[in-house]
Amino acid sequence: MHTSSNKTRVPSRDAGFPAPMWSSSRRRFLETLASAGIVTSTLPFVRRGHAADDHPVVFTWDGYNEAALHSPYTAKHGQSPNFSLFGGLDEAFAKHLSGFVPDITTPGAESIERWRDAGIIVPTDTSRLSNWPDLFDGLKSQKPAFEDGKQWAVPFAWGGSAIVYRTDLAPEYAENPTWDILWDPKYEGRLAMRDDSTDSVVAAAIVAGVDDPFNMSDDDIARVRELLTEQRPLLRYYWSDPTSLEQSMAAGEVVASYGWTSTMAILREQGIPVDFMVPAEGMIVWIDFLSLCAGGSGPEDKKYDIIDAMISPESGAFLLGEWAVASPNRKAYELVDMEMVRDLGLDNADAIADAGVLLIPFSIESQPKVVNMFDEVKSGF
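Shown next as structure tokens:
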């Protein structure tokens, strides 16, 4: 895993390039659901071509069913795969355990080990993937995606979590990229953090200089608690809905927040002067994977065609250009504006993975302590 030590400094970038466009079709879909009072995380949506088709089922995040992310499969087989959507990894894990058996699932780096040990996923024969040789080596070899000589998961999308900030309201941080902005008393009441024990705790652990945020001692957890307690009165809120964060930042109510490159892209599309800050201490790196499911009944050749399509250069170019999310495929970068990619800090997957903290599970010993600590801090205990 990658710890907060041995980080390379990545400077904050000029905010002047044209914004990548968030998928308008996905946005309209979500807005329609919201107006109807439907929450996507509880929507068991399955798309099927016809009643008795033999196209595999992909169990994934809302948005990853976007047609542009599997277009080579559609071109070859005449229609899209079937999709069932989840809103979170815990929800997905529970549905797997309840007996739901899709053909392909999409664990994050932090969930592969749990899903593997539960017998949910099986190894992938990468020799059946034409795009496999073009993927960044550093992403393919990440543990536990690759372990004991077996490829348990294929990297599909990756990116960084760090700080989205208003460059016009906090200009002093343009040449001083640091997590410290989220503890700056100057912006009391105008800061935000994600309402997530992993993200918030890991960010604080980086600031605290903890060597391994996922295997913290009691002393480490106490140091992190102190920082989060110090931060709490400075926050406008803990956010769980990125749309709310986007609205607050657009209005100038929030100056800086824990966030993603996609948040920056959406705000820039609106003409808001924002940047995605890559802290000198290192950002948090996430990777979403594709895995074959044990017991999946779909045709084996079509399962591999789906995975191959989703890691294709065409899929990767859509991730980069539309969502400001990085692709694992080197050739995808030949299809997009490299100035934009460099501005996002996503042009070298191997270097970024080494410079960041890769999200993996907390140790069994520290997990309950971390969750309880974060809940207590939020409650003011």
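To convert, note that position 300 of the sequence shown is 283 in the numbering used here; the numbers rise steadily by one, no gaps.
The beta-carbon is built from N, C-alpha and C at its ideal position, and this holds for glycine as well.
Endpoints, the alpha helix (DSSP H) within which residue i is located
i	result
Leu275	No alpha helix (DSSP H) holds Leu275; the beta strand (DSSP E) holding it covers Ile267 to Cys276.
Phe69	Run containing Phe69: none in the alpha helix (DSSP H); it sits in the beta strand (DSSP E), Asn65 to Phe69.
Thr181	Ser180 to Ala191
Ile164	Note, Ile164: premise wrong, no alpha helix (DSSP H); not H, not E.
Pro55	Ser54 to His60
Same chain, Cβ closer than 7 Å to residue i, five either side skipped, listed in chain order
i	result
Asp117	Asn312, Arg313 and Lys314
Ala145	Phe259, Met260, Val261, Pro262, Met266 and Ile267
Thr246	Val147, Pro225, Leu228 and Glu229
Asp150	This sequence places Thr at residue 150; Asp is not what is there. Only Ala(-2), Ala157, Pro256, Val257 and Asp258 meet the Cβ criterion.
Ser113	Asp291
Val360	Arg208, Leu211, Thr212 and Arg215
Ile21	With a pLDDT of 34 at Ile21, under the threshold of 50, the modelled position of this residue cannot be trusted, and the question is left open.
8 Å CB neighbourhood of residue i in its chain, flanking five on each side removed
i	result
Ala50	Thr57 and Ser63
Pro351	none
Gly363	Arg215
Asp201	Lys352
Pro39	Pro64, Asn65, Pro85, Asp86, Ile87, Gly279, Gly281, Pro282, Lys285, Lys286 and Ile289
Ser7	Because the pLDDT of Ser7 is 34, which lies under 50, any placement of that residue in the model is unreliable, and the number read from its coordinates should be weighed accordingly. No residues qualify anywhere along the chain.
Leu302	Leu52, Ala140, Val308, Ala309, Ser310 and Ala315
Glu236	Arg173 and Arg219
Asp179	Ser223
Strand pairing of residue i, partner residues [DSSP]
i	result
Arg215	For Arg215, which the question treats as bridged, DSSP gives no partner whatsoever.
Ala140	Asp271
Gln134	Phe129
Tyr148	Ala239 and Asp258
Ala175	Tyr220 and Ser240
Leu341	Val268
Leu118	Asn312
Supposed close pair residue i, residue j - CB separation, criterion 8 Å
i	j	result
Pro138	Ala128	7 Å
Ile87	Ala136	About 11 Å; that fails the 8 Å criterion.
Val185	Val324	Actually they are not in contact, since the Cβ atoms of Val185 and Val324 sit about 25 Å apart, beyond 8 Å.
Leu174	Ala233	With a Cβ gap of about 16 Å, Leu174 and Ala233 do not count as contacting.
Leu273	Gly91	Incorrect: roughly 11 Å between the Cβ atoms, too far for contact.
Leu329	Gly142	7 Å
Glu74	Thr161	Contact doesn't hold; Cβ gap of about 34 Å is too wide.
Leu199	Ser349	What sits at residue 199 in the sequence shown is Met, not Leu. Contact flag correct, Cβ pair sits at about 5 Å.
Contact set for residue i: own chain, Cβ-Cβ below 6 Å, skip 5 residues either direction
i	result
Phe42	Ser67, Pro85 and Thr88
Asp37	Pro282
Ala300	Ala315, Leu318 and Val319
Val105	Leu275 and Ala277
His79	Ile103
Ile270	Ala92, Pro138 and Trp141
Pro196	Val185 and Ala188
Range of the contiguous beta strand (DSSP E) that encloses residue i
i	result
Val40	Val40 to Trp44
CB contact check: residue i to chain B, cutoff 9 Å
i	result
Leu211	Among the chains in the structure shown there is no chain B, since it carries only a single protein chain.
Notebook entry, point to check: If you scan the segment 78 to 107 from start to end, which runs of the alpha helix (DSSP H) of 4 or more residues do you find wholly inside it?
Noted result: Counting whole runs of 4 or more residues, the segment 78 to 107 contains the alpha helix (DSSP H) stretches 95 to 100.
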